[in-house]
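Have a look at the structure below before the remarks.
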Amino acid sequence: MGGTMDGTKQRRRGNTRQRIQDVALELFAEQGYEKTSLREIAERLEVTKAALYYHFKTKEEIIVSLFEDLTQPIEDLIEWGRRQPQSLETKQEIVRRYGQALTDAAPLFRFMQENQATVRELSIGEMFKSRMLSMRDIIVDPDADLVDQVRCVSALFTMHAGMFLLQDLEGDPEDKRKAVLEVATDLITRSHRGD
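Residue numbers (our numbering): 13 to 207.
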């Protein structure tokens, strides 16, 4: 573990929360949310349960914190989008940034897809839905033709489909990401021109 003691130690301590989140998500993916205990998370991290407890009291807290951290960029994007003019450039930029945010949060969305019952219980589902509706509101022009509104909403769905449905398809993830972005951008562009 190179680096000067003081700086490294500080950084590692700051990252404990993140390491807990990452390891918890790994374990949830391997053996399911229900079957994973806080003790197992602590063991894999090689920390005491007390050390884990200092950051999170329950598995729920870990998942909710992960959700809040990983979807914060989407929240920031929504705030940004609300302040921009409804121009084509803005919409294309929203789609690009949204694609990046979804990519960065991919492990979380995989968890949500595989643990839908848990997600419903933990109110993450509701939070996610309200973010989706906010995304829709910054990208859909309420005065546009219905067909163009559908194109905009479809751009968002394309990005979600890209996350979930293309995972098992052959091919380089980066190529798939670019293809999804191209289709979503194309929909947004067509809706703006009102073809």
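Quick reminder that beta carbons are idealized off the backbone N, C-alpha and C, glycines included.
Of the listed residues the options, nearest to residue i (C-alpha basis)
{"i": "residue 163", "options": "89, 28 and 200", "result": "200"}
{"i": "residue 175", "options": "31, 137 and 110", "result": "110"}
{"i": "residue 121", "options": "32, 37 and 31", "result": "37"}
{"i": "residue 57", "options": "41, 108 and 28", "result": "28"}
{"i": "residue 41", "options": "168, 173 and 124", "result": "124"}
{"i": "residue 208", "options": "54, 205, 171 and 169", "result": "Examination of residue 208 is not possible in this model, given that the chain is present from 13 through 207 alone."}
{"i": "residue 55", "options": "102, 32, 46 and 92", "result": "32"}
{"i": "residue 137", "options": "44, 76 and 53", "result": "76"}
{"i": "residue 74", "options": "166, 151, 35 and 101", "result": "35"}
Cα-Cα separation between residue i and residue j, rounded to whole angstroms
{"i": "residue 184", "j": "residue 39", "result": "26 Å"}
{"i": "residue 191", "j": "residue 141", "result": "25 Å"}
{"i": "residue 9", "j": "residue 87", "result": "For residue 9 there is no data in the structure shown, the boundaries of the chain being 13 and 207."}
{"i": "residue 159", "j": "residue 203", "result": "8 Å"}
{"i": "residue 189", "j": "residue 172", "result": "11 Å"}
Coil, strand or helix - residue i by DSSP
{"i": "residue 47", "result": "coil"}
{"i": "residue 117", "result": "coil"}
{"i": "residue 35", "result": "helix"}
{"i": "residue 14", "result": "Unreliable placement is indicated for residue 14, whose pLDDT of 47 sits below 50; the coordinate value is still reported in the next sentence. Residue 14: coil per DSSP, three-state reduction."}
{"i": "residue 85", "result": "helix"}
{"i": "residue 203", "result": "helix"}
{"i": "residue 19", "result": "The predicted model places residue 19 with a pLDDT of 48, which falls under 50 and marks its position as unreliable; any figure quoted below should be read in that light. Three-state result, residue 19: helix."}
{"i": "residue 59", "result": "coil"}
{"i": "residue 130", "result": "helix"}
{"i": "residue 98", "result": "coil"}
{"i": "residue 135", "result": "coil"}
{"i": "residue 79", "result": "helix"}
{"i": "residue 40", "result": "helix"}
Assigned exposure category for residue i - 16 Cβ within 10 Å defines buried
{"i": "residue 99", "result": "exposed"}
{"i": "residue 193", "result": "buried"}
{"i": "residue 211", "result": "Since the displayed the chain opens at 13 and closes at 207, residue 211 lies outside it and no answer follows."}
{"i": "residue 62", "result": "exposed"}
{"i": "residue 180", "result": "exposed"}
{"i": "residue 64", "result": "buried"}
{"i": "residue 23", "result": "Because the pLDDT of residue 23 is 46, which lies under 50, any placement of that residue in the model is unreliable, and the question is left without a value."}
Near the ligand FMN: residue i beta-carbon under 7 Å from a heavy atom
{"i": "residue 144", "result": "In the structure shown, the ligand FMN is absent, as is every other ligand, since no ligand is present at all."}
(Q) Runs of 4 residues minimum, wholly inside the segment 143 to 191: which ones carry the alpha helix (DSSP H) assignment? (A) 158 to 176
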